[in-house]
Amino acid sequence: MKRLTFLSAVIIAVVLAGAFVQSTFTNPSGLTSGFMPGTPDIQSMSVLTFGPDGVLFIGDSKGGAVFAIDLNDQARSNNAEPPKISDIEGEIASLLGTTVNQVLIHDMAVNPISQNIYLAVSRGRSQWNSKWQLPNDLDDARILLRITPEGDIDEASLQSVKYAKASLPNPVDESKEHRWKKGLSLRVDTITDIAYSDGKVFVAGLSNEEFASTMWQIPFPFKDHISATTIEIFHGAHGKYETHAPIRTFLPYDFDNQLHLLAAYLCTPLVTLPVADLKNGQHLKGRTVAEFGSGNYPLDMILYKKGEDDFILIANSNLPFMIVDPKDVESYDGSITEEVEGYLAGVKYEPRAGTGIQQLDNFNSEYVLALRRLPGGTMDLEPFSIQRF
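Throughout the sequence shown, residue numbering follows this note's numbering, covering 669 to 1057 in sequence.
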């Protein structure tokens, strides 16, 4: 899901300018100098996100850890257009020697340096039987695939790579069952999204605390001290405060000259969290700035530029693309604290057609890239011009 964000992250994915990379990361090689050689013991590739110097962060919900992987994938590509692959699940099935109805793509992330596209994949799709099931509910992704800017697909080996590992303190216990997905362990939501910003890896998910929704902060390069803050929000569509629903997707962004996390939850409340208020061992109430509709998973949130202006694009399971102007978030000084009739309130969004989106990420300053389920049932890797947004 995902993306590099804020000064040292999303902008790199959008701009792809070598001089900018050098000025943002003054000593890129130092970030991986402490990595160990070997094969990381990843149990589930739940979330993929790129960080500085082409480092791939892999969130492992089952293992309760985040891995930083040096893929040795720093050769710069300046492809103008991303690849388009029809029936990508069929292509993957042929590569893996399985049938298309087994192929399940859990996450997608684009390396902003090489423009190689990485997919976390399993063979668990045949277990799908509910519209509310997410890929990580069905199986553990243990296959990492790479797609070149020209559209060639191969397996990205994690044997004998350089990597670092950060184990999350107090992840949600495997014995805890999901409240309404019967028989499902909450462990699948230990890590729901990851973003890198300003020398830190932010990790959203569930801990074993009484208030389970948690945001971890991990210094990068990884150090021993990992901060954990439990999160509470008011959900206008449900008319109550919630502490157990995890953030589904989020984006670091600077509002009023202060770094915030802009976060979206199931049924699509939009919340701001000041990073300065994310204190270790403390509890934080987020500010609900919008309600965007019920019955929907927000799947991915990315930042893009159009002219000189920033815009935020949200992909959804059951709603169209949503375009949010950060200036509208910044100027909204209210907070939703009462039940919302009609499920829409607060900051406005601009809709764009885009049904069937499964994954979304920046490709370059001209295109975003999506995995899209078509009406006929097949899935395509499909580019969208920034100009359509």
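All C-beta atoms, glycine included, are put in the ideal place defined by N, C-alpha and C.
These numbers were taken from a predicted model, which means no experiment stands behind them.
Each of A761, F960, V1015 was checked against the Cα of H906, and the nearest Cα belongs to F960. Annotation: R810 to S712 spans about 6 Å, alpha carbon to alpha carbon.
Across the structure, L813 and L1042 are spaced so that their CA atoms are roughly 22 Å apart. Spatial neighbours of K953 in its own chain (CB-CB distance under 6 Å, excluding positions within 5 residues in sequence) are listed in chain order as E900. Classified as buried, A872 has 16 or more neighbouring CB atoms from the shown chains inside 10 Å of its CB. The shortest C-alpha to C-alpha distance from I991 to any of G1010, M969, F902, E1006 is the one to M969. The Cβ neighbour count for D741, taken over all protein chains shown within 10 Å, is at least 16; the residue is labelled buried. Annotation: D709 is outside any alpha helix (DSSP H) and is labelled neither H nor E by DSSP. DSSP assignment within the region 808-852 yields the following whole beta strand (DSSP E) runs of 3 residues or more, N-terminal first: 811-815, 821-823, 829-835.
Annotated three-state conformation of Q770 is helix, per DSSP. Secondary structure at L764: helix, using DSSP grouped into helix, strand and coil. In the assembly as shown, M1047 is a buried residue. Its beta-carbon has 16 or more other beta-carbons within 10 Å. As far as DSSP is concerned, Y1011 takes part in no beta bridge. Within the DSSP bridge table, the entry for Y1017 names no partner.
Here DSSP, grouped into helix, strand and coil, assigns P887 to strand. When Cβ pairs closer than 8 Å are counted between the two stretches, the region 721-730 is seen to touch the region 860-871, the count reaching three or more. In this structure, Y831 lies away from D728, with their beta-carbon atoms at least 8 Å apart.
The C-alpha of C935 lies about 14 Å from the C-alpha of H912. Rounded to the nearest whole angstrom, the C-alpha separation of P839 and L927 is 25 Å. In terms of Cβ geometry, D924 and E823 do not form a close pair [threshold 8 Å]. Every beta strand (DSSP E) of 3 residues or more that sits fully in the region 720-805 is shown, in chain order, as 723-728, 733-738, 772-778, 785-790.
Every beta strand (DSSP E) stretch that sits fully inside the region 909-982 and reaches 3 residues is listed by chain position as 917-923, 926-932, 937-942, 951-953, 955-960, 966-974.
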